[in-house]
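Heads up: the sequence shown is residues 15 to 280, going by the numbering used here.
Each remark here refers to the structure printed beneath this line.
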Amino acid sequence: STVESIALERGLPPEAFGVLLEVALSGKLADTVNTRLLKSLIPASVIPEDSVVSSVSWLCVGKCSDSIQLLFLRWLITVFDFIDHKEQIHALYGFFFSFLQDEKMCPFVCHLLYLLTRKDNVKPFRIRRLLDLQSKMGMQSHLQALLSLYKLFCPELVTITLPGKTKTYFKNSEGPWKAAINTIRRRNQENSPVYQLLPLGTAQPPSRKRKWNNQLTLPASSTNQHYLKEDREKCDLYSTNEAFPVEQLQTFSQLLENIHRLEFPS
Numbered sequence: 015s016t017v018e019s020i021a022l023e024r025g026l027p028p029e030a031f032g033v034l035l036e037v038a039l040s041g042k043l044a045d046t047v048n049t050r051l052l053k054s055l056i057p058a059s060v061i062p063e064d065s066v067v068s069s070v071s072w073l074c075v076g077k078c079s080d081s082i083q084l085l086f087l088r089w090l091i092t093v094f095d096f097i098d099h100k101e102q103i104h105a106l107y108g109f110f111f112s113f114l115q116d117e118k119m120c121p122f123v124c125h126l127l128y129l130l131t132r133k134d135n136v137k138p139f140r141i142r143r144l145l146d147l148q149s150k151m152g153m154q155s156h157l158q159a160l161l162s163l164y165k166l167f168c169p170e171l172v173t174i175t176l177p178g179k180t181k182t183y184f185k186n187s188e189g190p191w192k193a194a195i196n197t198i199r200r201r202n203q204e205n206s207p208v209y210q211l212l213p214l215g216t217a218q219p220p221s222r223k224r225k226w227n228n229q230l231t232l233p234a235s236s237t238n239q240h241y242l243k244e245d246r247e248k249c250d251l252y253s254t255n256e257a258f259p260v261e262q263l264q265t266f267s268q269l270l271e272n273i274h275r276l277e278f279p280s
């Protein structure tokens, strides 16, 4: 209850995530407790990439139940923009791809893969796997989203005709965290000078990345409504490592120093 109250009041500090994720995913406690822990993982600022990578390793040993794995994926999708770095997580692309065989997890795995996909992730064997799943499950929106992104990056590899733009590719991914994150973010930044200069409230800046839901206040969750046409203009965005995430701005001097390389949320 202490973790829950702190998380809902002001969010959790970066150093808390490694410990709490390990407890929630290690299977040492009952699922009811693990569920409450995962639902309390609300960031106050950033989430260390190392804590996410370590938590993913628990999925390999089968200690946590399927429902906890599913909740973890939903959490990871929601807080994707808060993770301070993503290179190590990108290296786990193949691991996440292997979870597509689970029918219940498939929609959320597709969503996470969609966020992680770069051009070098598009391989013929992955396209074949998605097409096999499509033949078994039918034209599911989450499979269509990933295939459409693959086709965008490598049209010569995805030769099939895909349906036109779908209003919402991914549904019900944000879980219980979105509203709490927005409330805490507004509360923590109301008195910040940076808050006065950047459109951090309901008037969002045009996102430079993939979007699903324009109504979400910053930080825009990665569960937002997708408009695939925006990706066509941004394919080369993922080749740079010099971006400064806007979520990490703490002072006005940081804004001035990094204004030329600000990265808005996904």
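Idealized CB from N, CA, C, for every residue including glycine.
Because the structure is a prediction, the values reported are computed rather than measured.
Counting along the chain, where does the alpha helix (DSSP H) carrying residue i start and finish?
i, result
"TYR107", "107-111"
"GLN262", "Counting along the chain, GLN262 falls outside any alpha helix (DSSP H), and DSSP gives it neither H nor E."
"GLN154", "From DSSP, GLN154 is part of no alpha helix (DSSP H); its letter is neither H nor E."
"THR182", "First-last for THR182: undefined, no H or E at that position."
"CYS120", "120-130"
"ASN196", "191-203"
"HIS104", "101-104"
Can the beta-carbon of residue i be found less than 8 Å from the beta-carbon of residue j?
i, j, result
"LEU163", "THR131", "yes"
"PRO57", "LEU106", "no"
"ILE82", "ASP116", "no"
"GLN153", "PRO177", "Checking the sequence, you will find Met at residue 153 rather than Gln. Against a cut-off of 8 Å, the Cβ pair of PRO177 and MET153 comes out as a contact."
"LEU39", "SER69", "yes"
"PHE111", "LEU127", "yes"
"PHE109", "VAL136", "no"
"PRO259", "GLU271", "no"
"TRP89", "LEU55", "yes"
"ARG50", "ILE198", "no"
"GLN102", "VAL67", "yes"
"HIS104", "HIS125", "no"
So, under 8 Å CB-CB, residue i and residue j are touching, yes? Tell me the CB distance rounded to an integer number of Å.
i, j, result
"PHE122", "ILE91", "6 Å"
"LEU52", "PHE86", "6 Å"
"LYS100", "GLU63", "7 Å"
"SER71", "PRO28", "That pair is no contact at about 19 Å."
"GLN148", "TYR183", "Their Cβ separation, rounded to whole angstroms, is 14 Å, which puts GLN148 and TYR183 out of contact at 8 Å."
"ILE141", "LEU171", "6 Å"
What are the complete beta strand (DSSP E) segments, minimum 3 residues, inside the stretch 20-82?
-> The stretch 20-82 contains no whole beta strand (DSSP E) run of 3 or more residues.
Decide if the stretch 75-82 is in contact with the stretch 91-100; the criterion is three or more beta carbon pairs, one per stretch, under 8 Å apart.
-> With contact defined as three or more Cβ pairs closer than 8 Å, the stretch 75-82 and the stretch 91-100 are not in contact.
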